[in-house]
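Position in the sequence shown (first residue = 1) + 15 = our numbering.
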Amino acid sequence: MRKIILLGYMGCGKSTIANRLSKTTTIPFLDLDKVIEEKTNLSINQIFEQHGEIHFRKLEHEIFVELLNSPENLIIGLGGGTPCYANNHELLKGENIRSIYLKASIDTLFERLVVNKDKRPLIANKSEEEMKEFIAKHLFDRSFYYNHAQHKVVVDGKSIDETVNDILEILA
Ligand code: S3P
């Protein structure tokens, strides 16, 4: 069955865009982080604190594969790091998969993340100055993996509807 995968850095709008895309297409949306939280009964922060990032990455890979193999059509919103671990980037090009990288600039990401960092263990304890530098470097490192997506949509300066329309054109 068909899977539409949305990926991109923390704060690029994956969940918001996926929710709207789901309403428009009536294809159900699952957010990988939320599925992990439901399955473990722990928040992402708690998983990082209690079990460490390596454990989180293992869970993330296993549950991503499970979702890909599920028998329904699905929109899957990945975590910002998902494509960058466990060869998950190679799973972005399989049969019946459409993967879309939501590409945002450092400035867009910084503006969105600075007001919304508490639930994100990788940046929760960083000052504003540290965050900007971290995002710039991290995004550079991760772009290699994000660029394995089949399609790319730039989100800077666009409304949710505009981005969803760009995605619908790609999927048409
Ligand atoms: C992470 C991004 C988060 C979450 C975890 C790690 C990352 O997801 O999976 O905190 O490595 O970039 P969002 O991109 O939905 O914030």
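Think of the CB as a built atom: it goes at the ideal place given N, C-alpha and C, for glycine as much as any other residue.
*Name the DSSP bridge partner or partners of K108?*
Its beta-bridge partners do not exist; DSSP assigns none.
_Looking at A33: is its Cβ nearer than 7 Å to the Cβ of G95?_
no
*On a CA-only basis, which of N103, I150, S174 is nearest E77? Give me that one, please.*
N103
_Unbroken stretches of the alpha helix (DSSP H), 4 residues or longer, contained in the segment 45-80_ = 47-55, 59-66
_Contact defined as beta carbons within less than 8 Å: I believe T97 pairs with E64. What is the distance between those atoms, to the nearest angstrom?_
Contact doesn't hold; Cβ gap of about 20 Å is too wide.
_Mapping the DSSP letters down to three states, classify L83 as helix, strand or coil._
Reduced to three states, the DSSP call for L83 is helix.
*At which residues does the beta strand (DSSP E) containing L22 begin and terminate?*
Start and end: 18-22.
*Report yes if the C-beta of M11 is less than 6 Å from at least one heavy atom of the ligand S3P; otherwise report no.*
Nothing about residue 11 can be reported from this structure: the residues present for the chain run from 16 to 187 only.
*Cβ contact check for the segment 144-163 and the segment 112-132: 3 or more pairs under 8 Å*: yes
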